[in-house]
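Participant: Please see the structure below; I have some questions.
Residue numbers (the working numbering): 133 to 377.
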(Lines of atoms letter the chains of each structure in order from A and count residues from 1; the text may use other names and numbers.)
(Lines give C-alpha, C1' and ligand atoms only; values in the text may rest on other atoms or scores of the structure.)
Protein backbone atom coordinates (compact mmCIF):
# COMPACT_ATOMS: atom_id res chain seq x y z
CA UNK A 1 0.00 0.00 0.00
CA UNK A 2 1.32 3.48 -0.80
CA UNK A 3 0.30 7.04 0.06
CA UNK A 4 0.57 10.22 -1.90
CA UNK A 5 2.40 13.40 -0.92
CA UNK A 6 -0.98 15.05 -0.31
CA UNK A 7 -2.03 12.28 2.04
CA UNK A 8 1.24 12.55 3.95
CA UNK A 9 0.78 16.29 4.33
CA UNK A 10 -2.69 15.82 5.80
CA UNK A 11 -1.26 13.65 8.58
CA UNK A 12 0.59 16.56 10.16
CA UNK A 13 -0.58 17.22 13.77
CA UNK A 14 -3.44 14.72 13.64
CA UNK A 15 -4.45 12.86 16.83
CA UNK A 16 -2.97 9.39 17.19
CA UNK A 17 -6.38 7.81 16.67
CA UNK A 18 -6.60 9.36 13.17
CA UNK A 19 -3.03 9.13 11.97
CA UNK A 20 -2.63 5.75 10.28
CA UNK A 21 0.38 5.85 7.99
CA UNK A 22 1.01 3.17 5.40
CA UNK A 23 4.25 1.28 5.79
CA UNK A 24 6.89 2.59 3.41
CA UNK A 25 9.91 0.73 2.07
CA UNK A 26 12.90 2.31 0.42
CA UNK A 27 15.96 0.59 -1.03
CA UNK A 28 19.37 2.08 -0.46
CA UNK A 29 22.74 0.66 0.61
CA UNK A 30 23.50 0.09 4.28
CA UNK A 31 25.94 2.69 5.60
CA UNK A 32 29.13 1.51 7.28
CA UNK A 33 28.39 0.82 10.94
CA UNK A 34 30.59 1.74 13.88
CA UNK A 35 32.21 -1.36 15.36
CA UNK A 36 32.38 -2.18 19.06
CA UNK A 37 35.33 -0.47 20.70
CA UNK A 38 37.06 -3.32 22.54
CA UNK A 39 39.38 -0.91 24.35
CA UNK A 40 36.41 0.12 26.49
CA UNK A 41 35.56 -3.39 27.61
CA UNK A 42 36.51 -2.95 31.26
CA UNK A 43 35.40 0.58 32.08
CA UNK A 44 32.31 1.40 34.11
CA UNK A 45 29.18 3.15 32.93
CA UNK A 46 30.13 6.54 34.34
CA UNK A 47 33.44 6.44 32.52
CA UNK A 48 31.72 5.49 29.27
CA UNK A 49 29.51 8.57 29.47
CA UNK A 50 32.40 10.83 30.47
CA UNK A 51 34.67 9.64 27.66
CA UNK A 52 32.17 9.66 24.83
CA UNK A 53 29.31 12.01 25.55
CA UNK A 54 30.64 15.48 24.67
CA UNK A 55 27.13 16.54 23.93
CA UNK A 56 26.22 18.72 21.00
CA UNK A 57 24.49 22.12 21.22
CA UNK A 58 20.73 22.22 21.72
CA UNK A 59 20.14 23.30 18.13
CA UNK A 60 22.21 20.48 16.59
CA UNK A 61 19.14 18.98 14.90
CA UNK A 62 17.84 22.32 13.65
CA UNK A 63 19.16 21.64 10.17
CA UNK A 64 15.94 21.04 8.28
CA UNK A 65 15.09 24.44 6.80
CA UNK A 66 12.62 23.15 4.19
CA UNK A 67 9.10 22.46 5.44
CA UNK A 68 7.76 19.39 3.63
CA UNK A 69 4.41 19.19 5.36
CA UNK A 70 5.08 15.53 6.14
CA UNK A 71 6.71 13.69 9.02
CA UNK A 72 10.31 12.50 9.16
CA UNK A 73 10.28 8.99 7.72
CA UNK A 74 13.36 7.46 9.31
CA UNK A 75 14.10 4.10 7.76
CA UNK A 76 15.64 1.71 10.30
CA UNK A 77 18.37 0.09 8.23
CA UNK A 78 19.03 -3.01 10.34
CA UNK A 79 16.02 -3.21 12.65
CA UNK A 80 18.40 -4.36 15.39
CA UNK A 81 18.95 -2.94 18.87
CA UNK A 82 22.68 -3.57 18.52
CA UNK A 83 23.03 -0.67 16.08
CA UNK A 84 21.45 0.91 13.04
CA UNK A 85 21.22 4.02 10.89
CA UNK A 86 17.91 5.88 10.79
CA UNK A 87 17.70 7.74 7.48
CA UNK A 88 14.91 10.11 6.46
CA UNK A 89 13.49 9.14 3.08
CA UNK A 90 13.62 12.82 2.06
CA UNK A 91 17.26 12.99 3.20
CA UNK A 92 16.56 15.70 5.78
CA UNK A 93 18.05 13.80 8.71
CA UNK A 94 20.30 10.84 9.49
CA UNK A 95 20.77 9.44 12.99
CA UNK A 96 23.13 6.63 13.94
CA UNK A 97 22.76 4.28 16.90
CA UNK A 98 26.07 2.53 17.53
CA UNK A 99 27.49 0.22 20.19
CA UNK A 100 30.67 1.68 21.70
CA UNK A 101 31.38 -0.75 24.55
CA UNK A 102 30.30 -4.26 25.46
CA UNK A 103 31.28 -6.17 28.59
CA UNK A 104 29.65 -8.39 31.25
CA UNK A 105 29.19 -5.31 33.44
CA UNK A 106 27.62 -2.98 30.89
CA UNK A 107 26.83 -2.25 27.25
CA UNK A 108 27.09 1.31 25.95
CA UNK A 109 25.49 2.95 22.93
CA UNK A 110 25.74 6.40 21.39
CA UNK A 111 23.32 8.29 19.17
CA UNK A 112 25.00 10.57 16.62
CA UNK A 113 23.73 13.04 14.07
CA UNK A 114 25.10 11.67 10.80
CA UNK A 115 23.36 14.29 8.67
CA UNK A 116 25.62 15.89 6.05
CA UNK A 117 27.45 18.86 7.53
CA UNK A 118 27.47 17.57 11.11
CA UNK A 119 30.24 15.91 13.06
CA UNK A 120 29.31 12.20 13.07
CA UNK A 121 31.70 11.58 15.99
CA UNK A 122 30.03 14.06 18.34
CA UNK A 123 27.31 12.09 20.20
CA UNK A 124 23.95 13.55 21.08
CA UNK A 125 22.90 10.98 23.68
CA UNK A 126 24.64 8.14 25.55
CA UNK A 127 22.89 4.98 26.71
CA UNK A 128 24.58 2.60 29.17
CA UNK A 129 22.77 -0.62 30.08
CA UNK A 130 23.79 -2.63 33.14
CA UNK A 131 24.76 -6.29 33.68
CA UNK A 132 22.34 -8.98 32.46
CA UNK A 133 20.67 -6.42 30.15
CA UNK A 134 19.33 -4.42 33.12
CA UNK A 135 18.41 -0.77 32.74
CA UNK A 136 21.29 1.62 33.29
CA UNK A 137 21.71 5.32 32.66
CA UNK A 138 21.01 7.85 29.93
CA UNK A 139 23.09 10.98 29.38
CA UNK A 140 21.34 13.69 27.40
CA UNK A 141 22.29 17.17 26.18
CA UNK A 142 22.16 18.52 29.73
CA UNK A 143 25.24 16.42 30.47
CA UNK A 144 23.70 14.85 33.59
CA UNK A 145 23.41 11.05 33.69
CA UNK A 146 20.01 9.79 34.86
CA UNK A 147 18.79 6.28 35.65
CA UNK A 148 16.74 4.99 32.73
CA UNK A 149 13.97 3.88 35.09
CA UNK A 150 13.68 7.48 36.27
CA UNK A 151 14.04 9.09 32.85
CA UNK A 152 11.50 6.74 31.28
CA UNK A 153 9.13 6.07 34.16
CA UNK A 154 6.10 3.82 34.38
CA UNK A 155 2.80 5.67 34.67
CA UNK A 156 2.31 4.14 38.13
CA UNK A 157 4.39 1.86 40.38
CA UNK A 158 2.18 -1.12 39.54
CA UNK A 159 1.56 -0.07 35.94
CA UNK A 160 2.66 -1.84 32.78
CA UNK A 161 6.33 -1.66 31.93
CA UNK A 162 5.33 -1.31 28.28
CA UNK A 163 3.77 2.12 28.78
CA UNK A 164 6.14 4.79 30.04
CA UNK A 165 6.58 8.57 30.03
CA UNK A 166 9.52 10.94 29.78
CA UNK A 167 10.08 14.69 29.95
CA UNK A 168 11.64 16.06 26.77
CA UNK A 169 14.26 18.79 26.56
CA UNK A 170 11.37 21.14 25.75
CA UNK A 171 9.89 20.50 29.20
CA UNK A 172 6.88 18.62 27.84
CA UNK A 173 5.72 15.14 28.80
CA UNK A 174 5.63 12.35 26.21
CA UNK A 175 4.40 8.76 26.46
CA UNK A 176 5.40 5.56 24.72
CA UNK A 177 2.94 2.66 24.49
CA UNK A 178 3.16 -0.77 22.88
CA UNK A 179 0.69 -1.90 20.22
CA UNK A 180 -2.02 0.55 21.25
CA UNK A 181 -2.61 1.84 17.70
CA UNK A 182 -3.27 -0.32 14.65
CA UNK A 183 -0.16 -0.62 12.48
CA UNK A 184 2.15 0.75 15.18
CA UNK A 185 4.51 -1.41 17.19
CA UNK A 186 5.27 1.60 19.41
CA UNK A 187 3.36 4.88 19.65
CA UNK A 188 4.55 8.14 21.23
CA UNK A 189 2.01 10.83 22.13
CA UNK A 190 2.07 14.07 24.08
CA UNK A 191 -0.16 14.86 27.07
CA UNK A 192 -2.92 15.97 24.71
CA UNK A 193 -2.85 12.54 23.04
CA UNK A 194 -1.57 13.95 19.76
CA UNK A 195 0.76 11.69 17.85
CA UNK A 196 4.42 12.69 18.04
CA UNK A 197 6.10 9.57 16.68
CA UNK A 198 5.61 5.88 16.05
CA UNK A 199 7.70 2.84 15.14
CA UNK A 200 6.33 0.32 12.65
CA UNK A 201 7.62 -3.09 11.66
CA UNK A 202 8.07 -4.55 8.22
CA UNK A 203 4.67 -5.49 6.85
CA UNK A 204 4.05 -9.23 7.11
CA UNK A 205 4.43 -10.96 3.77
CA UNK A 206 6.58 -8.30 2.17
CA UNK A 207 9.86 -9.54 0.64
CA UNK A 208 13.19 -8.72 2.23
CA UNK A 209 14.86 -5.54 1.00
CA UNK A 210 18.50 -5.03 0.16
CA UNK A 211 20.10 -2.89 2.88
CA UNK A 212 16.83 -2.31 4.75
CA UNK A 213 14.94 -3.94 7.61
CA UNK A 214 11.60 -2.64 6.39
CA UNK A 215 11.03 -1.00 9.79
CA UNK A 216 10.33 2.72 10.11
CA UNK A 217 10.50 5.41 12.80
CA UNK A 218 8.09 8.20 11.89
CA UNK A 219 8.37 11.54 13.72
CA UNK A 220 6.07 14.53 13.29
CA UNK A 221 7.81 17.35 11.40
CA UNK A 222 7.05 19.76 14.26
CA UNK A 223 9.55 17.94 16.52
CA UNK A 224 13.03 18.17 14.94
CA UNK A 225 14.43 19.22 18.32
CA UNK A 226 13.16 16.00 19.88
CA UNK A 227 14.18 13.40 17.32
CA UNK A 228 17.29 12.16 19.16
CA UNK A 229 15.32 11.86 22.39
CA UNK A 230 12.56 10.00 20.58
CA UNK A 231 15.11 7.51 19.23
CA UNK A 232 16.82 7.14 22.62
CA UNK A 233 13.58 6.56 24.51
CA UNK A 234 12.33 4.18 21.82
CA UNK A 235 15.56 2.20 22.07
CA UNK A 236 15.05 1.84 25.82
CA UNK A 237 11.43 0.76 25.33
CA UNK A 238 12.45 -1.84 22.74
CA UNK A 239 15.19 -3.05 25.10
CA UNK A 240 12.64 -3.42 27.91
CA UNK A 241 10.37 -5.46 25.64
CA UNK A 242 13.20 -7.60 24.26
CA UNK A 243 14.46 -8.57 27.72
CA UNK A 244 11.19 -8.66 29.63
CA UNK A 245 12.16 -5.93 32.07
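Each residue gets a CB set at the ideal place from its N, CA and C atoms; glycine is no exception.
The model shown is predicted, which means the values in this text are computed figures rather than measured ones.
Could you give the first and the last residue of the continuous alpha helix (DSSP H) run that contains residue 363?
Facilitator: 359-375 is the span of the alpha helix (DSSP H), which, as asked, contains residue 363.
Participant: As an exercise, report each continuous beta strand (DSSP E) stretch of at least 3 residues that is fully enclosed by the region 276-351, in chain order.
Facilitator: Counting only runs of 3 or more, we get 277-279, 295-299, 305-310, 318-322, 327-332 and 347-351.
Participant: By Cβ distance, which residues of its chain are closer than 7 Å to residue 365, with the 5 residues on each side in sequence left out?
Facilitator: Closer than 7 Å at Cβ, skipping near neighbours: 284, 298 and 308.
Participant: DSSP three-state label for residue 245, please.
Facilitator: DSSP places residue 245 in strand when its eight states are reduced to three.
Participant: Which same chain residues end up closer than 8 Å to residue 348 when comparing Cβ atoms and leaving out the 5 residues on each side of it in sequence?
Facilitator: Cβ within range, chain order: 155, 156, 205, 206, 207, 208, 331 and 332.
Participant: Check whether the region 339-346 touches the region 305-320, taking contact to mean three or more Cβ pairs, one atom from each stretch, closer than 8 Å.
Facilitator: Judged by Cβ distances under 8 Å, the region 339-346 makes no contact with the region 305-320, as fewer than three pairs qualify.
Participant: Using beta-carbon positions only, say whether residue 225 and residue 359 come within less than 8 Å of one another.
Facilitator: Contact: yes.
Participant: With DSSP as the reference, label residue 356 as helix, strand or coil.
Facilitator: Correct three-state label for residue 356: helix.
Participant: So what does residue 220 bridge to, in DSSP terms?
Facilitator: For residue 220, which the question treats as bridged, DSSP gives the partners 206.
Participant: How long is the line joining the alpha carbons of residue 202 and residue 302, rounded to whole angstroms?
Facilitator: If you take the alpha carbons of residue 202 and residue 302, they lie about 21 Å apart.
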